[in-house]
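J.: Next up is a structure, given as structure tokens.
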Amino acid sequence: MNSIQLRIEKLKSQINEANYRYYVLDSPTLSDAEYDLLFKELLKLETKHPELRDPASPTQKVGGPPLEKFTKYRHREPMLSLQNIYSEEELVDFYDRWASVIGNNFSVMGEPKFDGLAIELVYEEGILTVASTRGDGETGENVTENVKTIRSVPLKLRGDYPKLLEVRGEIIIFKKDFEELNKERAKQDEPLFANPRNAAAGSIRQLDPKIAAQRHLDLFCHSLGKIEGANLKTQVELGELFSHWGLRTHALKKELRTQKEIQRFFVEVEGLRDSLPYEIDGIVLKVNELKNQRELGFVARSPRWAVAYKFKAQEGITVLKDVHFQVGRTGVITPVAVLEPVWVGGVEVKSATLHNEDQIKALGLKIHDTVVVKRAGDVIPNIQSVITEKRTGKEKTIHFPKQCPSCKDAIITSEDEVAHRCINVACPARLAETLKHFASKRAMNIEGLGDKWIEILLEKQLIHHFSSLYDLTPELLQTLERQGERSAQKLVDAIQKTKNNALDRFIFGLGIRFVGERTAELLAIHFRTLDKFLNATEEELLNVEEVGEKVAKAILQFISDKKNRNEINRLIEKGITPKPLKSYGGTTLQGKTFVITGTLPTLSRDEAADLIRTHGGKVTGSISKNTDYLVVGEEAGSKLTKARELGVKELSEAQLKALVG
Ligand code: IVH
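In numbering that gives the first Met the number 0, the protein residues as written are 0 to 660.
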């Protein structure tokens, strides 16, 4: 081994050890910064020496390239479900049935029931080879690439591991990460996840492992599939072995010897429920001795030796009084259920979100219906179902408004989406949110003009839309209470300073649907001037990288709206002249489509892609008959084969550079 190899091995073992201490032993020894430093060093060495890369290296957790689709995976042993019980009486029955088969001298293992996504991890000779979802119990989906990105999932087992180990567990997402994820999705105008379980499932079913890697997923191991080369006797022992092999289990697990102890454990865990950072919905009880488990066997698709003892659902029954419609920044009209107040899990619930029209249809919901409301953790209550038996015939169909409840403009719906929206940028309900977005750091970056300011200015009617911001004078601002001369001048200066902002900031600031920062940048690179952007045709828009039909349509709808155009014209009249992006390099590659593969000698893939884009070219992720060039680096894989099949021209990094001069 040379010194680089030695260093790589050392780094890998330090990082694996740190993960183990953090996740399994729950006693971290490295700070986040120290961990990051080691991780970055390893990543750098592996990039520089791809021949030393190890598929079980902890750096594999950043996520590989996107998949086209998931393949099916057949479990060696079916993944079963659990029978549920909901009360102490049912527990007594279950316990007695156990005793009638295996006698009175037995114990059970109790642990939380995680409200997540069931997963199976297969370790062959200690290496993680497959991770799959439960699917129908027999066949699931192969989601290995995504599961590999989860930090608490070891790619290689520790210690004295068996030849074959199939571990089952639950993938969960922390409540706070779930909330942040939804906040981000709301900002991007993407549909929200209904609860953390859906968020975890949605993240694992992402085709792009890099997205899964960003989602902060976690895993708790709880049971076994097939195992070869180990001899174990009890469930408690299995828990210990999981930890020994570096697999994360839950600290709240306990061997319980009597019914009383079980009930006490249930109450204890239920008491902890709200303080746990992730969702649990009960406890699972498993007969401890595997010998006893074998004796008890199975009924249908559940083991007889285990049971889920569920917490009382945080549900309530009430009546839907009305539906109100709210308007958000991007104009999405969200229906909100107005409920007869009801207590659910210690909180009085008066309203619930209905997401969109599809959800109303799916529920078959009508006004005056009796409904089941559910609170999932800290999440806004949801309507679970309609109790149709309670219908009297007086229920009324819910009609979506045809006009915006705030500005009365027509509401737009398109075939391919479920949302209804108001596209009038001057709509008062949208205005405050629209202006906050325009002024925000990532858009026009108007220093000092925070949300509070915008609300005050709107309330005092000192601003009406984007353009009126540029009419503000220190004198006008000083008419506001406690507004000094210096700070008024400062704010006006900050606003005026943004007149020559770069075009991408301006486009992003307009708040066009689906146009995030990245798309705004690509549009700015492509069109160069505001004038060209405003006069873009559908065909031209579709030529812009990452702009598909959906995005092109949203842009056209926006720029052809009369009110929007008037407002932009007013901005132009006031001297707003967004600058072309600095990186603009010309149109040499206009109309050409590129794919990049392998490791390039000096540029990273992102840098190469940016180089292509700034010269007008388009970069895509996969080879098709529309690809003009494949930029090839070392260790190119299947893309190169496919490109050759299709006769796509190949370019080296040097040739690409030569092409753009
Ligand atoms: S043991 C027969 N332990 O609940 C399966 N399962 O409703 C034995 N689950 O498919 C599984 N937390 O994915 C076990 N602590 C836990 C669990 C747990 C959640 C899931 C599991 C199973 C489902 C059945």
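Yeah, the Cβ is synthetic: ideal placement off N, Cα and C, and Gly gets one too.
1) So, does the region 275-291 touch the region 221-241, judging by three or more C-beta pairs under 8 Å?
2) Name the two residues that bound the continuous beta strand (DSSP E) containing G224.
3) If you count every other CB in all the chains shown that lies within 10 Å of the CB of I453, and 16 or more means buried, which is it?
4) If you run the structure through DSSP and keep just helix, strand and coil, what is Y469?
5) Please confirm whether any heavy atom of the ligand IVH lies closer than 7 Å to the CB of R167.
6) If I'm right that V372 touches L338 with Cβ under 8 Å, what's the distance once you round it to whole angstroms?
7) Which whole runs of the alpha helix (DSSP H) in the region 537-604 are 4 residues long or more, in chain order?
8) Distance, Cα to Cα, P302 vs S151?
9) I need the DSSP call for W97, collapsed to helix, strand or coil.
10) Quick one, are the C-beta atoms of V618 and E544 less than 8 Å apart?
11) Nearest CA to the CA of K142: which residue from A211, I101, S99?
12) Take the Cβ of P600 as the centre, count every other Cβ of all protein chains shown within 10 Å, and call the residue buried at 16 or more, exposed below.
13) How many angstroms separate the CA atom of N563 from the CA atom of L456?
14) Say the cut is 7 Å; is the CB of S80 nearer than that to a heavy atom of the ligand IVH?
15) Suppose only complete runs of 4+ residues qualify. What are the alpha helix (DSSP H) ranges in the region 486-525, listed by chain order?
16) By the three-class DSSP mapping on this structure, what secondary structure does A307 have?
17) So, helix, strand or coil for T46, using DSSP?
18) If you check the beta carbons only, do V331 and A418 fall under 8 Å apart?
19) Starting from I210, trace the alpha helix (DSSP H) both ways and give me its first and last residue.
20) Would the C-beta of R196 count as close to the ligand IVH, meaning under 7 Å from any of its heavy atoms?
21) Rounded to the nearest angstrom, what separates L216 and N18 at their Cα positions?
22) With 16 other CB atoms within 10 Å as the buried threshold, where does D368 fall?
23) If you drop the 5 nearest sequence neighbours on each side, which residues of the same chain put their C-beta closer than 7 Å to that of I282?
24) Would you identify the three-state DSSP class for N197, choosing helix, strand or coil?
25) Looking at V119: is its Cβ nearer than 8 Å to the Cβ of M78?
26) Please go through the same chain and pick out, in chain order, the residues whose beta-carbon is closer than 6 Å to the beta-carbon of F177, but skip the five residues on each side of it.
27) Considering only the beta carbon of each residue, do S405 and V335 sit closer than 8 Å?
28) Is there contact here, the region 546-555 with the region 511-523, by at least three beta-carbon pairs under 8 Å?
29) Count Cβ pairs between the region 636-644 and the region 606-616 that sit closer than 8 Å; are there 3 or more?
30) Mind checking who V283 pairs with in its DSSP beta bridge?
31) Mind reading off the beta-carbon distance from F38 to I14? Whole number of angstroms is fine, and I expect it under 8 Å.
32) Considering only the beta carbon of each residue, do V370 and V348 sit closer than 8 Å?
33) Could you spell out where the alpha helix (DSSP H) holding G238 opens and where it closes?
34) Taking the runs of the alpha helix (DSSP H) that are 4 residues or longer, which of them lie wholly in the region 317-369?
35) Starting from A431, follow the alpha helix (DSSP H) in both directions and report where the run begins and ends.
T.: Quick look at the numbers:
1) With the cut-off at 8 Å, the region 275-291 and the region 221-241 touch.
2) G224 -> beta strand (DSSP E) spans 216-227.
3) buried
4) coil
5) yes
6) 7 Å
7) 537-541, 548-559, 561-572
8) 28 Å
9) helix
10) yes
11) According to the sequence shown, residue 142 is Val rather than Lys. With distances taken between Cα atoms, V142 lies closest to A211.
12) When all chains shown are included, P600 counts as exposed.
13) 21 Å
14) yes
15) Here the runs fully enclosed are 502-508.
16) strand
17) helix
18) yes
19) Counting along the chain, I210 sits inside the alpha helix (DSSP H) bounded by residues 208-213.
20) no
21) 14 Å
22) When all chains shown are included, D368 counts as buried.
23) Same-chain partners within the cutoff: G109, E110, P111, K112, F264, F265, V268, Y308.
24) helix
25) What sits at residue 119 in the sequence shown is Glu, not Val. The Cβ atoms of E119 and M78 sit closer than 8 Å to each other.
26) P195, A198
27) no
28) yes
29) no
30) E110, A307
31) 6 Å
32) no
33) 234-243
34) 356-362
35) 427-438
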